[in-house]
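Trainee:
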Amino acid sequence: MKKINLEKLLLIFIAILPILDMSSFLFRNYFNTNFSISTFIRPIIPIIIIVIIFFKNKFKLKTILIGLIYFIYAIIHLHFFNKLKLGISFGTITHEAQYLINYTFAILNLFIFLFVFYKKENKNKNINKIILITNGIYILSLYISIFTKTSSSTYIEGMGFKGWFESGNSISAILILNLFIVFTLFNKVENIKIKILAIIEIILSGIFLTFLLGTRTGLYGFVLVIGLYICSKLFILFRDIIANKNKKINKKNKILLIASSCLVICVICIVIFKGSSLLTRRKYLEQIESNIYDSQTGEPSHVTGDILKFKEDIENNKIDETYISKPMQTSIIELYNYANNHEISNTDRRTQQLIFNTYLVKNQSNIFYILFGNGFLNNYGELILEMEIPALLFNFGLIGFILYFIPFFALFIYYIYIGFKNIKIIDTEYVLLISGIAISFVLSLLLGQLFFNSSASIIIVCMNVLLYNKCVEIKSYTVDIDKNLKTKEPVTI
4 MKKINLEKLL LIFIAILPIL DMSSFLFRNY FNTNFSISTF IRPIIPIIII VIIFFKNKFK
64 LKTILIGLIY FIYAIIHLHF FNKLKLGISF GTITHEAQYL INYTFAILNL FIFLFVFYKK
124 ENKNKNINKI ILITNGIYIL SLYISIFTKT SSSTYIEGMG FKGWFESGNS ISAILILNLF
184 IVFTLFNKVE NIKIKILAII EIILSGIFLT FLLGTRTGLY GFVLVIGLYI CSKLFILFRD
244 IIANKNKKIN KKNKILLIAS SCLVICVICI VIFKGSSLLT RRKYLEQIES NIYDSQTGEP
304 SHVTGDILKF KEDIENNKID ETYISKPMQT SIIELYNYAN NHEISNTDRR TQQLIFNTYL
364 VKNQSNIFYI LFGNGFLNNY GELILEMEIP ALLFNFGLIG FILYFIPFFA LFIYYIYIGF
424 KNIKIIDTEY VLLISGIAIS FVLSLLLGQL FFNSSASIII VCMNVLLYNK CVEIKSYTVD
484 IDKNLKTKEP VTI
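Okay, so the sequence shown: first residue is 4 according to our numbering, each after it adds one.
Quick look at the structure:
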């Protein structure tokens with residue numbers, strides 16, 4: 004154990020993420036299996052590292068107690084899931100347990116990465132570089148799949164390309180989050196070859212996300228990343244000008260700002276005038292929106308066809324409570340009424356899911372379900388809450404929300420505090436990383452299952468490690484100033 008280099012082990016783990024993702028897709032779709040080799044390989048490195056950390060450090064009792072808390076919560080949650088499971092339930096207790104394992108896996112990795120890379124600036128640079136390599140593997144595989152015509156479609160209608168990956172939304176989220184780290188290489192690394200490679204990856208990522216993938220996340224996300232990069236440069240530039248640190252805009256900053264602005268303008272113009280897979284998808288949804296008619300109103304329905312059928316069967320007393328419980332039946336009726344009153348689109352499933360689950364918690368009115376959750380996969384497929392943060396609160400309960408989401412959110416609040424307190428010395432890297440973490444929350448809220456996705460959660464963890472160490476560096480720099488330490492060269496922030 005003494006000879007194992009934990010930093011290198013974690014860097015290898017990051018590098019093989021796209022390979023694990025592709026193997027998972029290939030096993031399920033080409034070999035028709037319910038599991039893949041990545042299911043067994045993915046947890047090996049974190050488990051090895053946590054075992055080493057456990058035996059080499061003195062906080063064994065705290066580690067055991069924290070582990071027991073997560074284990075006891077999982078047992079209680081699965082008990083209530085099994086109690087509430089009905090004929091309409093989408094998943095089994097095994098599938099529900101998988102969600103608990105993945106969310107625990109994200110928290111475990113957050114601890115491991117922060118512990119291993121704490122206060123190691125040189126190692127942080129390696130994280131940036133390995134993310135560049137990882138992102139390159141993702142991009143390369145996507146274009147190879149498109150050119151060889153082996154890419155899967157983003158949507159079941161055959162629109163868009165998502166390569167050899169399970170979900171278009173997940174691959175778009177991973178690429179967008181990767182870009183926040185890739186952009187920091189312009190500040191952290193002096194090697195011109197690495198910067199050129201970063202530029203190439205940004206361009207290829209942009210082409211794929213904007214024109215080939217076909218999701219709103221990809222299109223708006225890429226433009227947002229570029230926009231945030233420009234804003235970060237402008238913020239630092241004008242802050243320094245106001246502070247009389249830099250009265251003139253140097254040539255390098257001019258080129259970066261002009262190039263980034265032109266890229267954003269070009270992307271917007273091409274999308275508007277030439278269209279993309281995304282716009283094709285949106286037009287298709289608009290066409291099918293009026294295909295479902297509500298016999299009660301004689302107008303297009305504001306809920307999906309299946310939900311409309313359930314609502315009619317409930318009113319005609321055709322559904323048994325062993326198939327759909329009374330609270331769920333009431334929630335479906337209330338969803339139908341709310342959707343009609345507010346004219347919600349029947350293709351807007353996420354809004355319908357949120358409304359239904361909100362009513363369901365109210366109608367169940369059970370303190371134990373509020374604390375430990377009523378089961379993520381206990382609902383009908385269309386009504387499973389895809390918006391991850393509300394799902395953690397409603398379906399995994401208040402305790403689950405605290406255990407799985409609050410650690411990430413608490414760190415984010417800490418970063419904001421350090422940034423505001425030291426706003427005169429934060430740099431572009433700080434702004435980009437905190438923007439990336441904020442975007443991860445937005446994607447989790449709107450897109451869903453981001454922290455559940457093992458690869459995406461690792462990228463989020465990497466951003467947290469980089470930013471946490473950046474904040475430690477900022478704090479040490481301000482302490483040196485306060486103590487009036489005389490150094491030949493001040494600490495670079």
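Ideal Cβ placement from N, Cα and C applies to all residues, glycine included.
Could you tell me which residues DSSP pairs with residue 371 in its beta bridges?
Mentor: The residue labelled residue 371 in the question sits at position 368 within the sequence shown. DSSP lists no partner for residue 371.
Trainee: Mind checking whether residue 83 and residue 377 have CB atoms under 8 Å apart?
Mentor: Taking the first residue of the sequence shown as 1, we reach residue 83 at position 80. Taking the first residue of the sequence shown as 1, we reach residue 377 at position 374. The answer is yes: Cβ separation under 8 Å.
Trainee: If you draw a straight line from the C-alpha of residue 13 to the C-alpha of residue 464, how long is it?
Mentor: In the sequence shown, residue 13 corresponds to position 10, counting from 1. In the sequence shown, residue 464 corresponds to position 461, counting from 1. Computed Cα separation, rounded: 12 Å.
Trainee: Take residue 395 as the anchor and find which of 334, 452, 86, 321 has the nearest alpha-carbon.
Mentor: As a first step, residue 395 must be located in the sequence shown, where it is residue number 392. Nearest of 334, 452, 86, 321 to residue 395, Cα basis: 452.
Trainee: Give the straight-line distance between the Cα atoms of residue 277 and residue 442, rounded to the nearest whole angstrom.
Mentor: Walking along the sequence shown from the start, residue 277 turns up at place 274. Walking along the sequence shown from the start, residue 442 turns up at place 439. Residue confidence is low: residue 277 scores 48 on pLDDT, short of 50, so the model does not pin down where it sits. Its coordinate-derived value is still stated next. Approximately 28 Å, taken between the alpha carbons.
Trainee: Which residue's Cα is closest to the Cα of residue 90: 133, 67, 322?
Mentor: Counting from one through the sequence shown, the residue named residue 90 turns up at place 87. With distances taken between Cα atoms, residue 90 lies closest to 322.
Trainee: Between the C-alpha atoms of residue 337 and residue 473, what's the straight-line distance to the nearest angstrom?
Mentor: As a first step, residue 337 must be located in the sequence shown, where it is residue number 334. As a first step, residue 473 must be located in the sequence shown, where it is residue number 470. Taking the straight line from one Cα to the other gives about 48 Å.
Trainee: I need the straight-line Cα distance from residue 239 to residue 432, nearest angstrom please.
Mentor: Mapped onto the sequence shown, residue 239 falls at position 236. Mapped onto the sequence shown, residue 432 falls at position 429. Each residue's Cα considered, the two are about 10 Å apart.
Trainee: Cα-Cα, which of 184, 210, 387 is closest to residue 198?
Mentor: By one-based count along the sequence shown, residue 198 stands at place 195. Of the candidates 184, 210, 387, the one whose C-alpha sits nearest the C-alpha of residue 198 is 184.
Trainee: Which of the three DSSP states, helix, strand or coil, is assigned to residue 166?
Mentor: Indexing the sequence shown from 1 puts residue 166 at position 163. Residue 166 falls in the strand class under three-state DSSP.
Trainee: Which term fits residue 489, buried or exposed, when burial requires 16 or more other beta carbons within 10 angstroms of its beta carbon?
Mentor: Counting from one through the sequence shown, the residue named residue 489 turns up at place 486. Confidence in residue 489 is poor, its pLDDT being 49 and thus under 50, which makes the residue's placement unreliable; the coordinate value appears in the next sentence. Counting Cβ neighbours within 10 Å, residue 489 comes out exposed, since fewer than 16 surround it.
Trainee: When the Cα atoms are used, what is the spatial distance from residue 169 to residue 24?
Mentor: For the purposes of this step, residue 169 is taken as residue 166 along the sequence shown, with counting starting at 1. For the purposes of this step, residue 24 is taken as residue 21 along the sequence shown, with counting starting at 1. If you take the alpha carbons of residue 169 and residue 24, they lie about 8 Å apart.
Trainee: Kindly confirm or deny that the stretch 170-190 and the stretch 213-230 touch, where touching means at least three C-beta pairs closer than 8 Å.
Mentor: The answer is yes - the stretch 213-230 touches the stretch 170-190, with three or more Cβ pairs under 8 Å.
Trainee: For the alpha helix (DSSP H) containing residue 332, name the first residue and the last one.
Mentor: Reading the sequence shown from its first residue, position 329 is the one you call residue 332. Here the alpha helix (DSSP H) through residue 332 covers 329-344.
Trainee: Check the DSSP bridge columns for residue 155 and list the partner residues they point to.
Mentor: Numbered from 1 along the sequence shown, position 152 holds the residue referred to as residue 155. Partner(s): 166.
Trainee: In whole angstroms, what separates the C-alpha of residue 142 from that of residue 208?
Mentor: Counting from one through the sequence shown, the residue named residue 142 turns up at place 139. Counting from one through the sequence shown, the residue named residue 208 turns up at place 205. Looking at the two C-alpha atoms, the distance is approximately 7 Å.
Trainee: Just the Cα atoms here: how many angstroms apart are residue 136 and residue 149?
Mentor: Locating residue 136 in the sequence shown gives position 133, counting from the first residue. Locating residue 149 in the sequence shown gives position 146, counting from the first residue. Roughly 20 Å between the two C-alpha positions.
Trainee: Can you tell me the Cβ-Cβ gap for residue 380 and residue 99, rounded? I've got them flagged as a contact below 8 Å.
Mentor: Counting from 1 along the sequence shown, the entry for residue 380 is found at position 377. Counting from 1 along the sequence shown, the entry for residue 99 is found at position 96. About 5 Å; that satisfies the 8 Å criterion.
Trainee: Quick one, are the C-beta atoms of residue 400 and residue 372 less than 8 Å apart?
Mentor: Your numbering for residue 400 matches position 397 in the sequence shown. Your numbering for residue 372 matches position 369 in the sequence shown. Cβ distance < 8 Å, so residue 400 and residue 372 count as in contact.
Trainee: Can you tell me the Cβ-Cβ gap for residue 455 and residue 102, rounded? I've got them flagged as a contact below 8 Å.
Mentor: Looking up residue 455 in the sequence shown gives position 452. Looking up residue 102 in the sequence shown gives position 99. That pair is a contact at about 6 Å.
Trainee: Do you know how far the Cα of residue 318 is from the Cα of residue 460?
Mentor: Your numbering for residue 460 matches position 457 in the sequence shown. Your numbering for residue 318 matches position 315 in the sequence shown. Near 43 Å, if we compare the C-alpha coordinates of residue 318 and residue 460.
Trainee: I'd like to know if the stretch 223-238 and the stretch 176-195 are in contact, where contact means that at least 3 CB-CB pairs between them fall below 8 Å.
Mentor: yes
Trainee: Taking buried to mean at least 16 other C-beta atoms within 10 Å of its own C-beta, is residue 246 buried or exposed?
Mentor: Sequence index remark: in the sequence shown, residue 246 carries index 243 (1-based). Under the 10 Å beta carbon count, residue 246 is surrounded by fewer than 16 other beta carbons and is classified as exposed.
Trainee: Which complete alpha helix (DSSP H) runs does the stretch 394-465 hold, if anything under 4 residues is left out?
Mentor: The qualifying runs are 400-407, 409-424, 431-449.
Trainee: Kindly indicate the opening and closing residues of the alpha helix (DSSP H) around residue 42.
Mentor: Here residue 42 refers to the residue found at position 39 of the sequence shown. Here the alpha helix (DSSP H) through residue 42 covers 40-44.
Trainee: Grab the span of the alpha helix (DSSP H) containing residue 379 for me, first residue to last.
Mentor: By 1-based counting over the sequence shown, the position of residue 379 is 376. No alpha helix (DSSP H) contains residue 379, which DSSP labels as neither H nor E.
Trainee: Do you know whose CA, among 385, 18, 430, 447, lies nearest residue 235's CA?
Mentor: In the sequence shown, counting from the first residue as 1, residue 235 sits at position 232. Residue 235 has its Cα closest to that of 430, out of 385, 18, 430, 447.
Trainee: Taking only the alpha-carbon atoms, compute the straight-line gap between residue 232 and residue 73 and give it to the nearest angstrom.
Mentor: The residue labelled residue 232 in the question sits at position 229 within the sequence shown. The residue labelled residue 73 in the question sits at position 70 within the sequence shown. Cα to Cα, the separation comes out at about 38 Å.
Trainee: May I ask you to report which of helix, strand or coil DSSP gives residue 21?
Mentor: To locate residue 21, count along the sequence shown from 1; it is residue 18. Reduced to three states, the DSSP call for residue 21 is helix.
Trainee: May I have the straight-line CA-CA distance separating residue 361 from residue 420, to the nearest angstrom?
Mentor: Translated into positions along the sequence shown, residue 361 becomes position 358. Translated into positions along the sequence shown, residue 420 becomes position 417. Between residue 361 and residue 420, the alpha-carbon positions lie close to 32 Å from each other.
Trainee: Just the Cα atoms here: how many angstroms apart are residue 316 and residue 86?
Mentor: Taking the sequence shown and counting its residues from 1, the one referred to as residue 316 is at position 313. Taking the sequence shown and counting its residues from 1, the one referred to as residue 86 is at position 83. Distance from the CA atom of residue 316 to the CA atom of residue 86, rounded to whole angstroms, is 24 Å.
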